[in-house]
Amino acid sequence: MPLTPFHLGPALLAGVVLYRFLDLPTVLAGSVVVDVRAALVVFGPLDEPIHGVLTTFVGATAVTLTLTVVVLALPDGVQSLLDIGRLAPTTSLGPVLAGAFVGTWSHVVLDSLLYADARPLFPLAENPLLREGVAFGPVYGGCLVAGLFGLAGYVFRRRQADGIRPVQRGPP
């Protein structure tokens, strides 16, 4: 799924379900930052394959560690902006690191299911997750459905955190 927002769906759902254990902004960032290399292949200076070293568990782990350091080092003003989207106070090392892992590794798994040039177990050349004949539509559709459930869960949790009761229908 190079350069698509579909990775955000499963990441959002995981971040909402595990909101006390994962830093939601970090999960979301981790799920898309892996595509930096793909963007450089599509739009610029890097040569193919689109799915390079970042679309491996080794590369994703390096991105995870880098993203964790960056998120923890963000100034208070930026953290305050990110707090608006957080469902719980998750700015300590554990939730940020876990969120980065879930985001980056879920990206690798999703791409590895679909693309022959993905090498999740680098330096091994094979992709044991690749399923020949897997249709893109159901995988993309699953990501979209996960995103819709994640969005609904986010709205529910946000309303719950803000003390807003759900709208009740029917006779008073």
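Take the sequence shown: its letters are residues 810 to 981, numbered as in this note's numbering.
Quick reminder that beta carbons are idealized off the backbone N, C-alpha and C, glycines included.
Computed from a predicted model, the values in this text were never measured in an experiment.
Nearest-angstrom Cβ-Cβ length linking residue i and residue j, presumed shorter than 8 Å
i, j, result
"Phe958", "Leu817", "With a Cβ gap of about 12 Å, Phe958 and Leu817 do not count as contacting."
"Ala820", "Leu837", "5 Å"
"Leu896", "Leu833", "6 Å"
"Gly962", "Val826", "7 Å"
"Arg968", "Tyr828", "Actually they are not in contact, since the Cβ atoms of Arg968 and Tyr828 sit about 14 Å apart, beyond 8 Å."
"Thr835", "Gly894", "Not a contact, Cβ separation roughly 11 Å."
"Val917", "Ala869", "5 Å"
CB of residue i within 8 Å of CB of residue j, strictly
i, j, result
"Phe910", "Thr873", "yes"
"Ser915", "Leu939", "no"
"Gly824", "Thr913", "no"
"Leu831", "Pro904", "yes"
"Val943", "Leu923", "yes"
"Tyr949", "Phe815", "yes"
Buried versus exposed call for residue i [16 or more other C-beta atoms within 10 Å across all chains shown]
i, result
"Pro994", "Lying outside 810 to 981, the shown extent of the chain, residue 994 is not represented and no answer is given."
"Asp844", "buried"
"Leu919", "buried"
Item to check | Given 8 Å, three or more beta-carbon pairs between the stretch 843 to 861 and the stretch 923 to 934 | outcome: In short, these stretches touch, since the Cβ pair count reaches three.
Item to check | Contiguous beta strand (DSSP E) assignments of at least 3 residues, all confined to the stretch 857 to 899 | outcome: For the beta strand (DSSP E) assignment, the stretch 857 to 899 encloses no uninterrupted run of at least 3 residues.
Item to check | In chain order, each alpha helix (DSSP H) run of at least 4 residues that lies wholly inside the stretch 916 to 972 | outcome: If we require 4 residues or more, the alpha helix (DSSP H) runs fully inside the stretch 916 to 972 come out as 945 to 970.
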